[in-house]
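Written below as structure tokens is the structure these notes are about.
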Amino acid sequence: MSDFTQKPLAPGSPTAQAAAPQAAPAVKRLKKGELLFSEGDNSSSMYLLKTGMIRIFKKKGEANIEIDTIRAGQILGELAFLDGNPRSASGEALMDCELMEISANVFQAVVLKMPDWLKILLKTVVSRLRATSTRIKQLESSSSAYDYSEKDGKKSAHYVYLSSHDALKISTAILLVASRNGTEVPAGIDIRLGVLQRYANQILNIPVAKITSFVDLLTQAGLMTISEGSTEVTLKDIDFMENLITYINDENLLEPSKRHDITLRGFLVMSMINKNLAKYPVDEITGLTTVNVAEIRSTELNAAGKESFRLEEFPELANLGYCTPLSVKSGAEQTTLVKATTFQKFYRFQRVTMMINALNEQKRRTSR
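Residue 1565 in the numbering used here sits at position 188 of the sequence shown; the count goes up by one each step and never skips.
What follows is the structure in structure tokens.
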């Protein structure tokens, strides 16, 4: 709706009669992950969010730029609705939501009752709201991440949803809240999500959508637990969280050629070793564990009915310093030495890293 000054409809006219039955807002419900509207859509409604949270984001290249998070009691979608332009961003439910949908007919019924000066004021407000495009451009320029894909020192810019710096900030907020405001329980430390969002969002300036995604990621990794509908999350191992922060920070400071980047196939080999590590004893003198990689490959082959990994993929782990090169005694006995506790710790670090990479790839695919 861009014309706020049109003449009122004549009482009893067909148009007025047609509009009258629609003069009440409708209730709209969304499930977590559902889109309310997409960037570029024509606008026919604006919304009042009654319960839940909705992320507002804009597509940029292969990824999405987080713009805002709408909470209960706030209006959204009003900009395109009021000035008649296409949607400048998309809206996605971060949790189950209930909204009041204000259609063109409902809004027009209200506008017709406004005095002329209020209509002019409304048009002025709408034109000023469009100045938020400046904010969008600022967010786009600050969402560029750099990658050293060939480890040759050459950097290339690309857009990511959750960068290592984002993960570092959110992890730091989790550690801070757990240490200062957490409640010890048998399963770990309970953290109030509201307090976590205050530190990570309001102080560290991380969008709520990214905070929610990272908490979901840590939950999937088994590092956190959360009950449906709960306002608290349980951090199972605060020491690991501190170690994860150190690891991410150290990786950010390393030269590209010295980072512990691992391929998907290399991580699969690492996960198979970690899965079977407990059945190999630790040498009491050296503290090292002799692991028969050929035996693990055979065990996983028999269990899955297909090849889980190839022995040629193993050297990547040795190159990263997670174990020694293979010692080949026979086809069935090809062993490596690992320090079990260190190997397991770095496996958990790499698992979180791989999950972040998978999340970013998912966001890139869905934004195309």
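Ideal Cβ positions, reconstructed from N, Cα and C, are used throughout, including at glycine.
Taking Asp-1567 as the centre and dropping the five residues before and after it, the same chain places the C-beta of Gly-1559, Thr-1560, Glu-1609, Thr-1611 closer than 7 Å to its C-beta, in chain order. With fewer than 16 other Cβ atoms from the protein chains shown falling within 10 Å of its own Cβ, Val-1404 counts as exposed. DSSP lists Leu-1407 as the bridge partner or partners of Cys-1474. Between Leu-1694 and Met-1731, the C-beta spacing is not below 8 Å. Rounded to the nearest angstrom, the gap between the Cα atoms of Lys-1408 and Val-1729 is 27 Å.
Residues Ile-1673, Thr-1676 of the same chain have their beta carbon placed closer than 7 Å to that of Asn-1653, with the five preceding and five following residues left out of the count. The three-state secondary structure of Lys-1656, taken from DSSP, is helix.
Residue pairing by DSSP places Ser-1648 in no beta bridge whatsoever. Minimum Cα-Cα distance from Glu-1443 among the listed residues Gly-1468, Gly-1454, Asn-1462 corresponds to Gly-1468. If you look at Asp-1567, you'll find it in the beta strand (DSSP E) that goes 1565-1569. Annotation: the continuous alpha helix (DSSP H) that includes Thr-1623 extends over 1615-1630.
Its Cα nearest to that of Gly-1429, the residue Ile-1452 stands out among Pro-1658, Arg-1742, Tyr-1576, Ile-1452.
The residues Leu-1654, Val-1659, Thr-1666, in chain order, have a CB closer than 7 Å to that of Ala-1717 in the same chain once the five nearest residues on each side in sequence are set aside. Close CB contacts of Met-1423 within its chain, under the 6 Å cut and outside five residues either way in sequence, are with Gly-1454, Glu-1455, Phe-1458, Ile-1479 (chain order). Lys-1587: member of the alpha helix (DSSP H) spanning 1585-1597, first to last residue.
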